[in-house]
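Residue numbers (my numbering): 23 to 235.
This is how it looks when you write it as structure tokens:
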């Protein structure tokens with residue numbers, strides 16, 4: 023029997039196959055990223071809307087409000103479900119923009135709050151316990167849990183509120199109390215016999231618009 027001395031030529035691997043596989047994997051990863059981003063929602067404060075941040079001080083002989091529309095921030099969540107417990111939020115208010123109706127009182131309030139050092143108050147946290155209050159799921163009650171920053175002091179806080187979807191916008195309303203001494207703020211004297219309340223009622227009423235992905 024004669025030996026077959028013919029050289030066997032090794033099969034060459036098709037480089038196109040490997041490249042195709044790489045392209046497929048890249049395509050899958052890209053699709054995954056696109057899908058993930060498509061399943062996320064971000065809402066930004068709509069500065070063109072009629073926004074209101076108001077504080078109210080009540081004492082026996084005097085009640086007054088301070089108001090501003092200078093609020094900014096966002097609400098963000100991932101996934102198909104709206105307002106999961108992992109929903110994040112951050113808002114801030116420009117304290118130098120607050121007006122009480124009396125110029126001197128405005129200046130006194132800025133001095134007391136030391137807005138030269140801390141021009142903004144902010145809240146950062148998560149939205150939890152969101153429950154629809156109507157069958158159309160256009161109105162919700164919720165609680166925001168997180169940290170509020172005022173006058174250089176940060177404290178944990180829970181704020182109940184409502185969310186309503188109105189003509190493509192998100193309408194948020196919340197009311198809560200803060201104690202000035204919790205933030206190292208002395209209740210200022212506005213006259214010889216009048217002092218600002220130790221507890222201040224904060225009222226937030228503002229709108230957000232969705233950021234298109």
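Beta carbons: idealized from backbone N, C-alpha and C, even for Gly.
When the cut-off is 9 Å and only beta carbons count, does residue 162 lie next to chain B?
No chain B is present in this structure, which holds just one protein chain.
Could you pull out every residue in the same chain whose Cβ sits closer than 6 Å to the Cβ of residue 174, ignoring the five residues on either side in sequence?
Stepping through the chain shown from its first residue, residue 174 is reached at position 152. The answer, listed in chain order, is 140.
Taking the beta strand (DSSP E) that residue 135 belongs to, which residues open and close that run?
Stepping through the chain shown from its first residue, residue 135 is reached at position 113. It is not in any beta strand (DSSP E) - residue 135 instead sits in the alpha helix (DSSP H) that spans 125-135.
Please go through the same chain and pick out, in chain order, the residues whose beta-carbon is closer than 6 Å to the beta-carbon of residue 78, but skip the five residues on each side of it.
Locating residue 78 in the chain shown gives position 56, counting from the first residue. Answer for residue 78: 87, 223, listed in chain order.
Bridge partners - residue 220, DSSP secondary structure assignment:
In the chain shown, the residue the question calls residue 220 occupies position 198. DSSP lists no partner for residue 220.
Using CA coordinates, which residue listed in 225, 193, 231, 235 is at the minimum distance from residue 90?
Residue mapping note: residue 90 aligns to position 68 of the chain shown, counting from 1. Among 225, 193, 231, 235, the Cα nearest to that of residue 90 belongs to 225.
6 Å CB neighbourhood of residue 196 in its chain, flanking five on each side removed:
As a working mapping, residue 196 is identified with position 174 in the chain shown. Once the five neighbours on either side are set aside, the close Cβ partners of residue 196 are 181, 183, 226.
Given this structure, state the Cα-to-Cα distance separating residue 94 from residue 113, to the nearest angstrom.
Numbered from its first residue, the chain shown carries residue 94 at position 72. Numbered from its first residue, the chain shown carries residue 113 at position 91. Their Cα atoms are separated by approximately 6 Å.
Helix, strand or coil, according to DSSP, for residue 141 in the structure here?
Within the chain shown, residue 141 is the residue found at index 119, counting from 1. Coil at residue 141, not helix or strand.
Quick check on residue 63: buried or exposed, where buried means 16 or more other Cβ atoms within 10 Å of its Cβ?
The count along the chain shown starts at 1 and reaches residue 63 at position 41. Per the 10 Å Cβ criterion, buried.
Tell me which residues share the same chain as residue 172 and place their Cβ nearer than 6 Å to its Cβ, disregarding the 5 neighbours each side in the sequence.
Residue 172 sits at position 150 when you count from the first residue of the chain shown. Same-chain partners within the cutoff: 143, 205.
Can you grab the Cα-Cα spacing for the pair residue 152 / residue 168, in whole Å?
For this step, residue 152 is matched to residue 130 along the chain shown. For this step, residue 168 is matched to residue 146 along the chain shown. Roughly 15 Å between the two C-alpha positions.
DSSP bridge partner residues for residue 201 (one or two, in chain order):
Within the chain shown, the letter at position 179 stands for residue 201. In DSSP, residue 201 forms a bridge with 221.
Pick helix, strand or coil for residue 119, following the three-state DSSP scheme.
As a working mapping, residue 119 is identified with position 97 in the chain shown. Helix.
In this structure, does DSSP put residue 234 in helix, strand or coil?
Within the chain shown, the letter at position 212 stands for residue 234. The answer is coil: DSSP assigns residue 234 none of H, G, I, E or B.
Could you give the first and the last residue of the continuous beta strand (DSSP E) run that contains residue 174?
For the purposes of this step, residue 174 is taken as the residue at position 152 of the chain shown. Where residue 174 is concerned, there is no enclosing beta strand (DSSP E), given that its DSSP letter is neither H nor E.
Start and end residues, beta strand (DSSP E) containing residue 85
If you number the chain shown from 1, residue 85 lands on position 63. Counting along the chain, the beta strand (DSSP E) containing residue 85 begins and ends at 85-90.
Pair within 9 Å by beta-carbon distance, residue 67 and residue 105
Looking up residue 67 in the chain shown gives position 45. Looking up residue 105 in the chain shown gives position 83. No, they are not a contact pair.
Cβ-Cβ distance between residue 149 and residue 107 below 9 Å
Within the chain shown, numbered from 1, the residue matching residue 149 stands at position 127. Within the chain shown, numbered from 1, the residue matching residue 107 stands at position 85. Contact: yes.
Going by C-alpha to C-alpha distance, which of 186, 190, 129, 133 sits closest to residue 162?
Stepping through the chain shown from its first residue, residue 162 is reached at position 140. Of the listed residues, the one whose Cα sits closest to residue 162 is 186.
First and last residue of the beta strand (DSSP E) that includes residue 94?
Residue mapping note: residue 94 aligns to position 72 of the chain shown, counting from 1. Segment 93-100, the beta strand (DSSP E) holding residue 94.
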